[in-house]
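Per the working numbering, residue 292 is the first one in the sequence shown, and the count goes up by one each step. Presented below is the structure to which this report refers.
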Amino acid sequence: MSGAKNSALKLMAATVLAQGRHILRNVPRIADVDTMADLLARMGASTTWSDEAAGVLVVDVPETMNAEAPYELVERMRASIVVLGPLLARFGEARVAVPGGDDFGHRPIDMHLRALEELGASFALSHGVIEGRAERLTGARVLLEYPSVGATENLLMAAVLAKGRTVIDNAAREPEITDLAAFLTGMGAEVSGAGSSTITIEGVERLDPVDHSVVSDRIEAATYLAAVGMAGGAISIKGARADHMEMLLEKLRAMGLRVDDGSDQLWASAPDRLAAVDVSTLPYPGVATDYKPLVVALLSVSDGVGILTENVFAGRFRYVPELVRMGADIRVEGHHAVVRGVEALSGAPVRAPDIRAGAALVVAGLAADGETLVSDAHHVARGYQDLVGNLVRLGADVAYEDASS
Ligand code: EPU
């Protein structure tokens, strides 16, 4: 199991908060980490793998930096927006290109900006770039209208160097937020309540570099659980955290998957056929939206009808027509997918619309008759260190057709 992509990227952004040499361990070797390293390099920080096999990344942050995230990098990776908070906190200025739409539909950043404004930042949009300024951020009580992961992270990273106390109400509670808070605390920040809906931050004058190990990736763990649910057999997943995926495990158990929690690992085994259940995605501790394509793939071959309701992102069903091409019986109505389980899928050429849907199509291919060819597989490499290698180790017949692409 690798470290979580969605934590590693934010921790890399948070290094900007303190000059010096930071050491990040358990960092996944994925394309999005390379993109964040490119962004840090543009800003003047250097990033090197000191032990690539072990995922040890060293980030050297200089005294002065170029407080800018250009469009070509923000467009490549939307998560680049999380440099906004740290840049404003440390340098009092930031220029970050506005991310465009993506396969999830329009994803605004209004909550990020409003939250930072409450700390005293001001923003102007010019030529597609948000220009932020703040003499010295000042702590405030901020009530988020929705527990947005990115807005909570930007605000948290800004508040640690603000003057006085910040209280974030209706904060996101994801394990990646807790990991970021632990990272910041290691740097000398004063943060309490992370993992709950109220996070309190007492601003400090300066922060120091840190040595930190990234939390394990719950979405990657779920991908391998789905692979076993789909193809049958048994698996042990080292480093997987059952306590970070409780609601999903409850659903998978209700479908008939046997999952046992050992110390620092999960065991799972699948019955001949899973049973359909209804699943709704919600912010943590609910079933994460990122699991959804995996759950839909599982439902597509389960016994019965399952309804999946998406409550986090408006347009995240792009992979459904691909599963239908493989013989799945799925009807999408608004933010619901009604999935009637079929006996078996049939392999077909399909296209990966994003990271998680790409992984779900690979997993669906494991149980389909004949060959499944997933194109646009570069999406999968953005988020998974070695999906193909790990599936092969589990006995699957899967390979990159053209490794260079
Ligand atoms: N939203 C707004 N305004 C904002 C911010 C968010 O309306 O200013 C809305 C979004 O449009 C969405 C909802 O709030 O409908 C939730 O968005 P959130 O901010 O929580 O998500 P995010 O920070 O953009 C992260 C992960 C996603 C994951 C979501 C939900 C990263 C880099 N991305 O996105 O992961 O699906 O949280 O848990 O951490 C992925 O890994 O492939 C991925 C997309």
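We put the beta carbon where it would ideally sit given N, CA and C, even for glycine.
Counting only residues of its own chain and dropping the five nearest sequence neighbours on each side, Met334 has a CB closer than 6 Å to the CB of Met356, Asn357. Within the segment 610 to 650, the complete alpha helix (DSSP H) runs of at least 4 residues fall at 611 to 616.
Positions of the beta strand (DSSP E) runs, each at least 3 residues long and wholly inside the segment 646 to 692, are given as 664 to 666 in order along the chain.
For Lys542, the uninterrupted alpha helix (DSSP H) run begins and ends at 537 to 545, by DSSP. Burial is judged here by how many other beta carbons sit within 10 angstroms of a residue's own beta carbon; Ser413 has fewer than 16 and is exposed. Between Val596 and Val630 the beta-carbon gap is near 7 Å, inside 8 Å, which marks them as a contact. A distance below 8 Å separates the beta carbons of Leu548 and Leu516. For the segment 449 to 519, the continuous beta strand (DSSP E) assignments of 3+ residues that do not extend past its boundaries occur at 456 to 460, 481 to 483, 489 to 493, 502 to 504, in sequence order. In the DSSP assignment, Ser298 falls outside any beta strand (DSSP E) and lies within the alpha helix (DSSP H) extending over 296 to 305.
Rounded to whole angstroms, the gap between the alpha carbons of Thr663 and Gly530 is 30 Å. If you check the CB distance, Ala579 and Thr572 come in under 8 Å.
Thr489 is classed as exposed because its beta carbon has fewer than 16 other beta carbons within 10 Å across all chains shown.
As computed with DSSP, Val568 is found in no beta bridge at all.
Per the coordinates, the alpha-carbon of Leu434 lies some 12 Å from the alpha-carbon of Glu408. Put simply, the backbone Cα of Asp325 is about 29 Å away from that of Pro576.
Taking the Cβ atoms as the reference, Val349 lies roughly 11 Å from Ala336, outside the contact range of under 8 Å. The three-state secondary structure of Arg427, taken from DSSP, is coil.
Looking from the CA of Phe474, the closest CA among Ser487, Leu447, Asp460 belongs to Leu447. Within the DSSP secondary-structure output, Gly311 pairs in a beta bridge with Val352. Put simply, of Thr476, Ala385, Ile510 the residue whose alpha carbon is nearest the alpha carbon of Pro361 is Ala385.
Here the segment 549 to 563 makes no contact with the segment 583 to 593; the two share fewer than three CB pairs at distances below 8 Å. Looking at the DSSP output, Ser417 bridges to Val420. Per DSSP, the unbroken beta strand (DSSP E) holding Thr600 starts and ends at 596 to 600. Using a Cβ distance threshold of 8 Å, Gly649 and Val671 count as a contacting pair.
Taking 7 Å as the cut-off, the C-beta of Thr580 counts as close to a heavy atom of the ligand EPU.
Asn602 sits exposed, since fewer than 16 C-beta atoms from the chains shown fall within 10 Å of its C-beta.
Leu614 and Leu652 have their C-alpha atoms spaced approximately 7 Å apart. His313 has its alpha-carbon roughly 11 Å from the corresponding atom of Pro353. A distance of 8 Å or more separates the beta carbons of Leu540 and Tyr582. The beta carbon of Asp460 sits closer than 6 Å to the beta carbons of Leu434, Thr489 from its chain, once the five residues preceding and following it are set aside; these are given in chain order. With distances taken between CA atoms, Asp620 lies nearest to Asp594 out of Pro500, Asp594, Arg509. By a beta-carbon distance limit of 8 Å, Ala513 does not contact Met546. Their separation comes to about 13 Å. At least one heavy atom of the ligand EPU sits closer than 7 Å to the Cβ of Phe604. Following the DSSP letters along the chain, one finds Arg381 inside the alpha helix (DSSP H) bounded by residues 375 to 382. DSSP places Ala388 in the strand class (E or B) of the three-state scheme. Look at Ala559 here: in three-state DSSP terms it is strand.
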